[in-house]
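Worksheet for the structure shown next.
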Amino acid sequence: MLIRNLIKQATQVGNSENVIQYVKYLYQFEKFRNTLNLTLSLIKQNRLSFEIYQEGLVDMEEGVCKTIRSSGLNKYVIVLRRSNPYIIVHELSHMVENELNLSLEQEFLYKVYQDIEQNLKQSNILVQKIIGQIIFEEIQAYQTPKSRASELFARYFELFAWAQEVYPKDKEYLIRTQDLNKVFLATNQWKKSYLDLQIMERIDKEVKEYSDKTAFKDINKVQSSWTNKFSSGSKKIGSIFGDDN
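Once you know that position 144 of the sequence shown is 199 in my numbering, the rest is easy, because the numbers rise by one and skip nothing.
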């Protein structure tokens, strides 16, 4: 009930039901747990809210993380025009970056490029194609190292939310989590040894207790039965991600 109550409380515009279901689902997986714990903690502090719009009603991008900066603590508004796991994960990753004041263009970017150089050629053709498009085509359109690192950070997490074990609804891109893990060895280790520790220092006590009681699900044992589970709309998108924010 904690997730349902907090997401509902945080939703200022629109219907929260799909987002509640997606967050509850993502919460089962280790990759997203700390990001979601930070999200819930900020909601408890009245520092994070959601605005959820029906697709087509508002002329805007699929998702935006608005950071309201002040001399004290930042506040965040997660604006969603399409509600699905990978867009939610993408925008919450931007929140994590801003909340922790991460300098991603240094160690994180180095780890990603190290992984690409050392591991990508050993992966299958589909993984090479998708990651190649992200790294060498789409990310290069961003003008500065800081903006490239920021977008790459969000897309790193988004890739794992695209995995067929997590959100296989978009059947055109069936990437297995284990294939992504084989590529992102150093990046995954950076997340575990640095990023997760930074987040855990900021987790609310009640949220931590809830997290400790909630078991992780083995991602390799998840059934790919998402297609008709929720009512989120779907459409073909030109980019793999379709979200430049």
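Beta carbons are placed, not taken as given, at the ideal position from N, Cα and C, and that holds for glycine.
Asked, Found
"Within 8 Å, strictly: CB atoms of I143 and L135", "yes"
"Backbone CA spacing between Q219 and G187 [nearest angstrom]", "19 Å"
"DSSP state of I123 mapped onto helix, strand, coil", "strand"
"From M255, K260 and C120, residue whose alpha carbon lies closest to that of R88", "M255"
"Through-space distance from R59 to V68, alpha-carbon basis", "16 Å"
"Alpha carbon of Q183 to alpha carbon of S126, nearest angstrom", "43 Å"
"Neighbourhood of T242 by C-beta, 6 Å cutoff - its chain only, sequence neighbours within 5 removed", "K166, V167 and D170"
"Nearest-angstrom Cα separation, counted from L164 out to Q100", "31 Å"
"N- and C-terminal bounds of the alpha helix (DSSP H) containing V144", "P140 to L155"
"Burial state of T90, where buried means 16 or more other Cβ atoms lie within 10 Å", "buried"
"Three-state class that DSSP yields for K86 in the structure shown", "helix"
"First through last residue of the beta strand (DSSP E) which encompasses E106", "L103 to I107"
"As assigned by DSSP and simplified to three states, the class of V182", "helix"
"First through last residue of the alpha helix (DSSP H) which encompasses I194", "It is not in any alpha helix (DSSP H) - I194 carries neither H nor E in the DSSP assignment."
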